Amino acid sequence: MEKPRQGFLQKPAAERVAKEIGGLALRCDVTQPAAVEACFGKVVAKWGGVDLVVSNAGAAWQGKIGEVSDTILRESFELNFFAHQTVAQTAVKIMQLQGTGGCLLFNVSKQAVNPGPDFGPYGLPKASTLFLLRQYAVDYGKEGIRSNGVNADRIRTGLLTERMIRQRARARGMSEKEYMGGNLLGQEVEAQDVAQAFLALALAQKTTGAVLPVDGGNIAAALR
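When you number the sequence shown by my numbering, it's gap-free, plus one each residue, and the end is 992.
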């Protein structure tokens, strides 16, 4: 069973982007509620409130579900589910005080609806996060708080490493290009495509409880 790398976020890179857009770069362990509250406190102190949150943190623990240890599974749930709950819960409290609505956006995964071999420790909490975003839509829609998510697949990031891509392509008897473009459009999906989906959902004022696939077309992962 493989444990994912930790610390994907490089603070210098975050600070560079923050400088470009006039933002604020903060590093936060989202599995620690006190750290999450402290970060939101700094955001509110600088900007006066919170209008939109993209809950993005995650890592892919692997292993056959009948063999994985409780420790590994609980670690995955802490980051891939409970951290999203902590972030959303903290944000909603602030949005309620503001009384101006708000928007929650969750980075889920195609794994939430289309499980792959040996990825149960990652997929189980992601499936829970999918239903979490819908529950926020149900419970807080009347207060003008929208809750939506993105289901992406095969994105080159710190989560899907070059090593993993090579291994998966080899296991399927195909080239890396064929593996990454293994969808209806026959094109590799890039991080920019996912960012565009989040932007679209942020601007969709009358959409809540929705999950937008960004996978180039994968019928097996289509919501139905």
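C-beta: ideal position from N, C-alpha, C; glycine also.
Since the model is a prediction, treat every value here as computed from it, not as a measurement.
Here DSSP, grouped into helix, strand and coil, assigns Val785 to helix. Rounded to the nearest angstrom, the gap between the Cα atoms of Ala988 and Ala813 is 45 Å.
By the CB criterion at 8 Å, Phe849 and Gly917 fall outside the cutoff. About 5 Å separates the beta carbons of Ser915 and Leu901, which is inside the 8 Å limit, making them a contact pair. Between the region 974–991 and the region 877–893, the count of Cβ pairs shorter than 8 Å is three or higher; the stretches touch. DSSP places Ser823 inside the beta strand (DSSP E), whose first and last residues are Leu820 to Ser823. In the DSSP secondary-structure assignment, Arg914 is bridged to Cys871. In this structure Thr858 is buried. Its beta-carbon is surrounded by 16 or more other beta-carbon atoms within 10 angstroms. Contact between the region 952–964 and the region 917–926 is present: 3 or more CB-CB pairs across the two stretches fall below 8 Å.
Secondary structure of Pro981 (DSSP, three-state): strand. The Cβ-Cβ distance between Val818 and Leu792 does not fall below 8 Å.
Bounds of the alpha helix (DSSP H) holding Ala905 are Gly888 to Tyr908. Separation of the CB atoms of Cys871 and Ala970 is rounded to 6 Å, and the pair is thereby assigned contact status at 8 Å. Membership of Gly790 in any alpha helix (DSSP H) is not indicated, and neither H nor E is assigned to it by DSSP. Your pair Leu847 and Ala827 checks out as a contact, with CB atoms roughly 6 Å apart and the cut at 8 Å.
Of the other Cβ atoms in all chains shown, fewer than 16 fall within 10 Å of the Cβ of Pro885; this residue is therefore exposed. In this chain, Lys832 is not harboured by any alpha helix (DSSP H), its DSSP state being neither H nor E. In the three-state DSSP reduction, Ala990 falls in the coil class, being neither helix nor strand.
Ranking Gly985, Ala806 and Leu892 by CA distance to the CA of Arg842 puts Leu892 first. Val876 is the residue among Gln778, Val876, Asn951 and Ala937 whose C-alpha sits nearest the C-alpha of Ser823. By the C-beta density criterion, Ala939 is exposed, having fewer than 16 other C-beta atoms within 10 angstroms.
By the CB criterion at 8 Å, Glu911 and Gly941 fall outside the cutoff. Excluding five sequence positions before and after Asp983, the CB atoms of its chain that fall closer than 8 Å to its own CB belong to Lys878, Asn919, Ala920, Asp921, Arg922, Asn951, Val957 and Ala989, given in chain order.
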